[in-house]
Structures are given as C-alpha cells and as structure tokens.
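If you read the sequence shown in this note's numbering, its first letter stands for residue 1228, the second for the next number, and so on. Backbone N, C-alpha and C fix where the C-beta goes; we use that ideal spot for every residue, glycine too. Accompanying notes for the structure given below.
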Amino acid sequence: MAKIGNIDVGDFPLLLAPMEDVSDPPFRALCKEQGADVVYTEFISSEGLIRDAAKSTMKLDIYEKERPVGIQIFGANLESMLQSVEIVEKSGPDIIDINFGCPVKKVVSKGAGAGILKDIDLMVSLTEAMVKHTNLPVTVKTRLGWDNDSIKIVEVAERLQDVGCKAISIHGRTRVQMYKGEANWAPIAEVKNNSRMHIPVFGNGDVDTPERAVEMRDKFGLDGAMIGRASIGYPWFFREVKHFFETGEHLPPPNMLERLDAARRHLQMAIDWKGEKLGVFETRRHYTNYFKGIPHFKEHRMKMVTSDDAADVFAAFDEVERDFSDFQFA
1228 MAKIGNIDVG DFPLLLAPME DVSDPPFRAL CKEQGADVVY TEFISSEGLI
1278 RDAAKSTMKL DIYEKERPVG IQIFGANLES MLQSVEIVEK SGPDIIDINF
1328 GCPVKKVVSK GAGAGILKDI DLMVSLTEAM VKHTNLPVTV KTRLGWDNDS
1378 IKIVEVAERL QDVGCKAISI HGRTRVQMYK GEANWAPIAE VKNNSRMHIP
1428 VFGNGDVDTP ERAVEMRDKF GLDGAMIGRA SIGYPWFFRE VKHFFETGEH
1478 LPPPNMLERL DAARRHLQMA IDWKGEKLGV FETRRHYTNY FKGIPHFKEH
1528 RMKMVTSDDA ADVFAAFDEV ERDFSDFQFA
C-alpha cells in the first residue's frame, strides 16, 4: 500500500498528471469517476499566485469528490514559493506538489520547472523550505536530469527524501529530450531500488497501454504510475488499466453513447467553471481522442473544434449520435 504522508493511495495507484489546460476540475472529475486514485491540478505559477493573477488563482479550485487531490506549483524564487504555499493551503488540498520537470522554454528560462535541474542544491533547498513551511505532505515531480550527461536522479531523489519530500514522480526523459524518443524507466527503477529510499516512487512517461502499466509495476517495481497524455480525451484509460490488473484481459472500449455522454458533460462542466468562451476553447483538444477511429468523421470534428458557440458544439454531438450511434470501436 503506497502512502503519501498519511494518505493511503492504494496498491500501485494511478495518478492523473498535472497538465496545463488539461487537468482542470471538469477533466479531473471524469478521470476520478473512471478510477484515478490521485489527481493533480494544472501547474500553477507561484509568481502568478502572489500577484493574484486571475488565471493562476482560478486553478486553485478543488472539490471534495476529487480527493485526494494535489495542487502543483512552480517557481524558482524562495520567497515567492513560500508565499504561494500559504495561498495554496487556503484551498484545502491534500498534497502540495512542486514542479521541477516542466520542459517548456518560458518556464525553464526563469530557472523554474526543469530549469532547476541545472541547480540541484537550489532544488533541494527550495523543497526543504517548503516542507518546513506547511503541514501538508509535499511531493515532487521531476525528470531524469537536464541532459544525458547530467543524470543524477538517484542522488537527487535521496536528497529530496532526506529534506522531507513525501513522494516523487519521475518522468523518464531529460529536459533536452522534451517529449521525444522513448521514456527510460531504468533510472527510475534505480531510484526505487536504492536501499535508502522509503517514500513512494512513481513513474511517468509513455504509460499508454495497460501492458505498459503492468511493466512499470512488475518489471521495474515502481510504486505507481502517473498518467498524462494517454488520458487526454480518454478518461477511461484508468478503468482499463485497473481491469487489466485484475483480470489480465482488455476491457471493451467505451461505446459511442458513453463517449458522447462524457463529451457533453465535459463541455458543460467546463462552461460552468470557466465560462462559455474558455470552456469551449479548452475542451477542443479532447475531441480527437473522444471520437478516435471513426471513418469519415472530419466534418463533424471540424464543427467541434472550430465553433466558438457552445450550442453549435452540442449540436455537433447530436449529429454524431444521429449518424454514428451504432459505430463499434475496436
């Protein structure tokens, strides 16, 4: 049984990764319904929080049905990070997660996210200060290193644990790799197999089939899997992995009516939470996977991803139900 601090998260938990403009409350709710054990918010700028920037503070919204839920923050300035911890605490999360892994240039250029992998001492001191500043469990998400010549993740993970980090999620790529090539889980297994490590070690990167999740658990011996891109537009991935764990068999994919119900609910929850304009815009990236594999679907998909009017998108869903309700997904 894996535990983050005093929080039981189950035997080989599946965690929804923090993803910008993806891991919002509507999508987290859908993933939770489908078996996600722990969900994380989109990553939130510490500088944005202390400036009370609307986009940052909005991301603090969490709901009881999501628990356990972690709020993830990023930054490289100690004072700003500590102030942001105080702001985050008021939202009542179960976990505070620090992003030391985002490879995006605008984050890295400020020394935050994966940029901090160039300064491991700062990474450790920031973590230690945040641990001391809150009673909530602090976790870390990071990468193997900056590049292949600077992979010291076994040492880094041990140092983070020693200053009070309660769990670590490791993406099996370096910052230089971005999302290219294959994720390398072997160094993550080295972290787990370090006899001095006693906190959960979660793997991230390329967990895109139930078989890969089993491999991460059984071959590499990790404590859980953090799921990112495989869940976008496909919250059923969590239930499919769990079914495969239990039976060794693949669960049939959701049928068209299940997909339409999820898409409609997703869009409506997004509109209710962030308004029609943003709600319509930020759910577009999910529709390709919601309806993946349907032949001659381009016209319907274009209506979904080009309209700024929610009524038009809902009408497109109705057309799909009319034209493809009997379609069988492979």
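- Determine the DSSP secondary structure at Gln1299, reduced to helix, strand or coil. strand
- Item | Gly1237 in three-state terms, based on DSSP | strand
- Classification of Ala1489 by the beta-carbon crowding that lies within 10 angstroms, buried from 16 upward: buried
- Item | C-beta atoms of Ile1271 and Gln1299 nearer than 8 Å | yes
- Tell me whether Val1403 sits in a helix, a strand or coil according to DSSP, three-state version. coil
- Name the two residues that bound the continuous beta strand (DSSP E) containing Asn1431. 1428–1431
- Distance, Gly1506 Cα to His1513 Cα: 12 Å
- Just the Cα atoms here: how many angstroms apart are Asp1435 and Met1443? 11 Å
- DSSP three-state assignment for Lys1501, whether helix, strand or coil: helix
- Task: Following the continuous beta strand (DSSP E) through Met1453, name the residue where it begins and the one where it ends.
- Result: Counted as a single uninterrupted DSSP element, the beta strand (DSSP E) harbouring Met1453 occupies residues 1451–1454.
- Message: When you compare the CB positions of Ala1560 and Lys1292, do they come within less than 8 Å of one another, or not?
- Response: Since the first and last residues shown for the chain are 1228 and 1557, residue 1560 lies out of range.
- Query: Below 8 Å, can you find three or more Cβ-Cβ pairs linking the stretch 1352–1365 to the stretch 1316–1326?
  - Reply: Put simply, the stretch 1352–1365 touches the stretch 1316–1326. At least three CB pairs are less than 8 Å apart.
- Query: By Cβ distance below 8 Å, which residues in the same chain neighbour Asp1238 in space, the five residues on each side in sequence not counted?
  - Reply: Met1228, Ala1229
- Message: Taking only three categories from DSSP, how would you classify Tyr1290?
- Response: coil
- Using the Cα positions of Arg1492 and Ile1234, report the straight-line distance between them to the nearest angstrom. 30 Å
- Separation of Arg1294 from Glu1355, as counted between CA atoms: 25 Å
- Query: Around the Cβ of Glu1247, are there at least 16 other Cβ atoms within 10 angstroms (buried) or fewer (exposed)?
  - Reply: Sixteen is the threshold: since fewer than 16 other Cβ atoms of the shown chains lie within 10 Å of the Cβ of Glu1247, the residue is exposed.
- Is DSSP giving Ala1263 helix, strand or coil here? coil
- Could you spell out where the beta strand (DSSP E) holding Thr1361 opens and where it closes? That residue, Thr1361, is in no beta strand (DSSP E); it is neither H nor E in DSSP.
- Query: Cβ of Val1312 within 8 Å of Cβ of Thr1361?
  - Reply: yes
- Task: Check each candidate in Val1236, Val1403, Cys1258 and name the one with the smallest Cα separation from Trp1463.
- Result: Selection Val1236, Val1403, Cys1258 evaluated against Trp1463 yields Cys1258 as nearest (Cα-Cα).
- Query: When you compare only the Cα positions, how much space is there between Asp1536 and Glu1548?
  - Reply: Whole-angstrom Cα-Cα distance: 19 Å.
- Query: Taking DSSP as the reference, what is the three-state secondary structure of Ile1277?
  - Reply: helix
- Expressed to the nearest angstrom, what Euclidean distance is found between the alpha-carbon atoms of Phe1556 and Thr1284? 39 Å
- Leaving out five residues before and five after Met1531 in sequence, what residues of the same chain have Cβ atoms less than 6 Å from its Cβ? Taken in chain order, the residues that qualify are Tyr1514, Val1540, Ala1543.
- Distance between beta carbons of Val1265 and Pro1240, contact taken as under 8 Å: 6 Å
- Message: Quick check on DSSP: helix, strand or coil for Lys1519?
- Response: coil
- Message: Taking 8 Å as the threshold (C-beta atoms), are Arg1402 and Val1335 in contact?
- Response: yes
- Item | Leu1243 (DSSP reduced to helix, strand or coil) | strand
- Answer yes or no: do Phe1429 and Asp1450 have a C-beta to C-beta separation smaller than 8 Å? yes
- Do you know whose CA, among Lys1379, Arg1278, Glu1417, Phe1254, lies nearest Ile1289's CA? Phe1254
- Task: List the endpoints of the continuous alpha helix (DSSP H) containing Ile1314.
- Result: 1305–1316
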